[in-house]
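K.L.:
According to my numbering, the first sequence is numbered sequentially starting from 9. Even for Gly, the Cβ is constructed at its ideal location relative to N, Cα and C. Small disclaimer: the values here were computed from a predicted structure and weren't measured.
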Amino acid sequence: MSLQIYDTLAGTKRPFTPLKPGHIGIYVCGMTVYDRCHLGHGRVLVAFDAIVRYLRYRGFDVHYVRNITDVDDKIFARASERGIPFTELTSQMIEAMHADEAALGCQSPDVEPRATDHVGLMIALIERLMTKGAAYQGDSGDVYFRVSAFTDYGKLNNRQLDDMLAGARVAVADDKESPADFVLWKRAKEGEASWESPFGAGRPGWHIECSAMSMDQLGESFDIHGGGPDLKFPHHENEIAQSEAATGCTFAHYWMHAGAVRVHDEKMSKSLGNFVTLEQLFKDVHPEVVRFFLLQSQYRSAITFTPDALKQAEVAYGRLVQALPDTVEAVDSDAMFQFQELMDDDFNTPRAIALMFDLCNVGTPTARAAMQSIGVILGLFQAGRDAFVTQSQALKAAHSGLTDQAIEQLLRDRQNARAAKDFARADEIRDQLASAGVVIEDSVDGTRWHRQ
RNA sequence: GGCGCGUUGGCAGAGUGGUUAUGCAGCGGAUUGCAAAUCCGUGGACAUCGGUUCGAUUCCGGUACGCGCCUCCA
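1) By Cβ distance below 6 Å, which residues in the same chain neighbour Phe-94 in space, the five residues on each side in sequence not counted?
2) Would you mind sorting His-244 into buried or exposed? The rule is 16 or more other CB atoms within 10 Å of its CB.
3) What does a CB cutoff of less than 6 Å around Met-101 pick up in its chain, not counting 5 residues either side in sequence?
4) Starting from Gln-225, trace the alpha helix (DSSP H) both ways and give me its first and last residue.
5) Between Pro-187, Met-39, Ala-157 and Ala-220, which lies nearest to Gly-236 when the distance is taken from Cα to Cα?
6) Between Gly-234 and His-265, how many whole angstroms is the CB-CB distance? I'm expecting something under 8 Å.
7) State buried or exposed for Asn-246, treating a residue as buried only when at least 16 other CB atoms are found within 10 Å of its CB.
8) Give the list of continuous alpha helix (DSSP H) stretches no shorter than 4 residues that lie fully inside the region 59 to 97.
9) Please classify Ser-400: does DSSP put it in a helix, a strand, or coil?
10) Would you tell me roughly how many angstroms separate the C-alpha atoms of Ala-425 and Val-397, rounded to the nearest one?
11) Look at the alpha carbon of Leu-17 and the alpha carbon of Ile-232, and state the distance between them as a whole number of angstroms.
12) Would a C-beta distance cut-off of 8 Å place Ile-34 and Val-70 closer than the cut-off?
13) Taking the straight line between their C-alpha atoms, what separation do you get for Leu-403 and Ser-279?
14) From the DSSP output, in three-state form, read off Phe-207 for me.
15) Measure from the alpha carbon of Gly-371 to the alpha carbon of each residue in Glu-337, Gln-346 and Arg-359, then state which is nearest.
16) Could you tell me the boundaries of the beta strand (DSSP E) in which Ser-148 lies?
17) Indicate, with yes or no, if the ligand NAP has a heavy atom lying under 7 Å from the CB of Glu-436.
18) Could you tell me which of Ala-321, Thr-124, Ala-107 and Leu-410 sits nearest to Asp-80, measuring between CA atoms?
19) Starting from Gln-12, follow the beta strand (DSSP E) in both directions and report where the run begins and ends.
20) Just confirm the distance between the C-beta atoms of Gln-380 and Leu-332, as a whole number of angstroms; I'd bet it's less than 8 Å.
21) What is the rounded straight-line gap between the Cα of Gly-5 and the Cα of Arg-270?
22) So, under 8 Å CB-CB, Val-119 and Asp-150 are touching, yes? Tell me the CB distance rounded to an integer number of Å.
23) Are Asp-352 and Gln-145 touching if we call contact CB-CB under 8 Å?
24) Across which residues does DSSP place Glu-322 in a beta bridge pair?
25) Would you list the one or two residues that DSSP bridges to Pro-23?
26) Please classify Val-127: is it buried, with 16 or more other beta-carbons within 10 angstroms of its beta-carbon, or exposed?
27) Would you please state the rounded distance, in angstroms, between the beta carbons of Lys-459 and Ala-405? I believe it to be under 8 Å.
28) Using the C-alpha atoms, what's the distance from Ala-321 back to Thr-455?
29) Going by beta-carbon coordinates alone, are Pro-23 and Val-73 separated by less than 8 Å?
30) Give the straight-line distance between the Cα atoms of Tyr-307 and Pro-295, rounded to the nearest whole angstrom.
31) Quick check: the Cα distance between Thr-139 and Pro-206, rounded to an integer number of angstroms?
32) Would you say the region 376 to 396 touches the region 340 to 358, given that touching needs at least three Cβ pairs under 8 Å?
33) Pull up the CB-CB distance for Arg-27 and Ser-229, whole angstroms please, since I reckon it's below 8 Å.
34) Would you identify the three-state DSSP class for His-126, choosing helix, strand or coil?
35) What does Val-446 pair with, by DSSP beta-bridge criteria?
36) For Asp-170, which option in Ser-156, Asp-183 and Leu-164 has the closest C-alpha, if you only look at C-alpha atoms?
What follows is the structure, given as structure tokens:
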């Protein structure tokens with residue numbers, strides 16, 4: 009079977025055919041850098057990282073582009089709240105994002121274009137749209153995209169323009185020809201960063217940056233465009249409109265959207281304030297566990313985050329880590345073939361993980377080697393077994409009431425009690441340790457312990 | 001109101017027109033002073049009502065409930 013990808017625009021899985029054989033250009037909408045990343049951002053990072061890793065494993069030469077939105081109302085607002093220049097805020101947040109991304113085991117995109125570095129390209133694209141009659145400047149000085157100039161408007165989200173106008177909730181700027189028209193260029197406001205342009209000083213609207221930068225990196229027509237679930241509308245719809253109106257050719261050939269992360273049956277989002285940041289999660293569990301947790305669901309399905317679910321993932325992943333082979337072995341090629349079949353079906357990472365457990369249960373050297381290979385392709389096992397255990401234990405020690413020294417002392421007391429056949433005392437100590445989250449294992453070569 | 005998605009065993013989460021998902025938890029056994037860890041074994045599910053079919057959790061239609069988008073949000 010060949011590679012199938014679910015295309016949001018088609019509403020179904022489609023066999024994947026790259027525009028240029030062997031090569032794939034992919035553009036993913038990245039972060040607006042005004043705050044720390046939460047688990048929803050993490051999901052997009054991990055999903056597309058795993059996808060890109062797999063495509064490369066499959067032999068494609070992948071050019072992975074992910075933008076950084078570093079001009080935006082929220083950025084200006086947050087920077088002025090904190091009394092710092094907006095560029096200082098964005099550079100802090102970009103640094104934090106890169107740290108989170110690295111912790112999750114994601115490879116950096118090949119290119120990470122920033123909006124502020126490409127304003128010239130955006131201006132050029134807006135001028136092109138004006139020349140074609142697809143853009144106009146209102147009395148306020150803002151420049152808008154003329155939605156009526158693009159007959160396919162709504163195709164990504166299956167929407168009719170009339171329906172959208174009827175249900176419009178957004179306050180309509182009175183210099184728009186139509187409420188559905190969206191801004192390409194915002195006139196400069198007092199005290200805010202702005203750029204000179206033929207339409208006057210101002211700054212770009214949100215959508216235009218992705219059209220300009222994706223086409224700059226990947227050409228006017230490219231293979232895959234991805235992003236989070238909340239970008240389908242209006243962001244990606246508007247990207248299609250302005251890009252295709254300008255070029256006259258198909259913009260992205262496959263549209264991929266990750267599913268939402270939920271908390272208590274609500275979408276995790278900044279606006280609802282119900283988000284948990286990656287930074288917070290990394291205090292409780294090893295970042296690889298977060299990655300594993302995310303990959304346990306297919307990238308398009310909704311995930312409900314609960315601390316218990318993360319705990320389950322930790323236990324399950326720990327078992328796989330323990331089964332990593334000590335030596336380099338030949339890989340079970342049959343298993344790798346199965347893996348490819350599973351992943352070729354729209355990147356079915358949950359089944360790939362199930363296969364890893366099957367291999368773990370088989371337990372032979374070649375099976376365990378295959379399990380490791382699969383994990384590595386999915387970006388797991390990056391710390392290695394010993395470091396993973398050490399790092400996980402260190403996290404738990406930070407939450408524990410007992411120091412390592414106290415634990416060692418209790419174990420010596422217990423050992424003495426056992427030697428004296430005072431099992432009641434020995435069990436009492438074991439219970440005490442257990443209630444502090446410390447599990448002990450007696451074996452012929454002594455007693456081992458770990459924090460649970 | 002418009003568009004779309006979901007409802008699987010205690011929990012997480014795949015998939016299939018007739019045969020074991022997988023993981024966590026549970027239960028039984030081996031092992032252990034007792035445990036833990038490990039190994040072996042094991043019960044348990046497809047929201048609801050109709051239809052198609054020899055046969056549907058799986059296809060089609062209705063219903064209920066839930067969710068997402070329609071405004072910035074990954």
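P.N.:
Let's see:
1) Answer for Phe-94: Ile-83, Phe-84 and Ala-87, listed in chain order.
2) Burial call: buried.
3) Only Val-41 meet the Cβ criterion.
4) Its alpha helix (DSSP H) spans residues 214 to 226.
5) With distances taken between Cα atoms, Gly-236 lies closest to Met-39.
6) Beta-carbon to beta-carbon, Gly-234 and His-265 are separated by about 7 Å, close enough to satisfy the 8 Å threshold.
7) Classification of Asn-246: buried, given that the 10 Å Cβ count is 16 or more.
8) You should have 81 to 90.
9) Reduced to three states, the DSSP call for Ser-400 is helix.
10) A straight line joining the alpha-carbon of Ala-425 with that of Val-397 spans about 29 Å.
11) Leu-17 and Ile-232: Cα-Cα distance of roughly 11 Å.
12) Cβ distance < 8 Å, so Ile-34 and Val-70 count as in contact.
13) So the two alpha carbons sit approximately 30 Å from each other.
14) Assignment of Phe-207 by DSSP, reduced to helix, strand and coil, places it in the coil class.
15) If we check each option's Cα against that of Gly-371, Glu-337 comes out closest.
16) For Ser-148, no beta strand (DSSP E) encloses it, and the DSSP letter there is neither H nor E.
17) Within the structure as shown, the ligand NAP is missing, as the structure has no ligands at all.
18) Of Ala-321, Thr-124, Ala-107 and Leu-410, the residue nearest in Cα terms is Thr-124.
19) Counting along the chain, Gln-12 sits inside the beta strand (DSSP E) bounded by residues 12 to 15.
20) Indeed, because the Cβ distance is near 6 Å, the residues count as touching under 8 Å.
21) Any property of residue 5 remains undetermined from this structure, which presents the chain solely from 9 to 460.
22) About 30 Å separates the beta carbon of Val-119 from that of Asp-150, a gap too long to meet the 8 Å contact definition.
23) At the C-beta level, Asp-352 and Gln-145 stay beyond 8 Å of one another.
24) Partner(s): none; Glu-322 has no beta bridge.
25) Per DSSP, Gln-12.
26) Label assigned to Val-127: buried.
27) In the sequence under discussion, the amino acid at residue 459 is Arg, which differs from the Lys named in the question. In this structure Arg-459 touches Ala-405 by the C-beta definition: roughly 6 Å separates them, less than 8 Å.
28) So the alpha carbons of these two residues sit roughly 27 Å apart.
29) Going by beta carbons, Pro-23 and Val-73 fall outside the 8 Å limit.
30) The straight-line gap separating the alpha-carbon atoms of Tyr-307 and Pro-295 is approximately 18 Å.
31) Distance from the CA atom of Thr-139 to the CA atom of Pro-206, rounded to whole angstroms, is 13 Å.
32) Yes, the region 376 to 396 touches the region 340 to 358.
33) Just to set this straight, residue 27 is Leu in the shown sequence, not Arg. The pair is a contact, with the Cβ atoms about 7 Å apart (cut-off 8 Å).
34) The three-state secondary structure of His-126, taken from DSSP, is coil.
35) Paired residues: Arg-459.
36) Here the closest residue by C-alpha is Ser-156.
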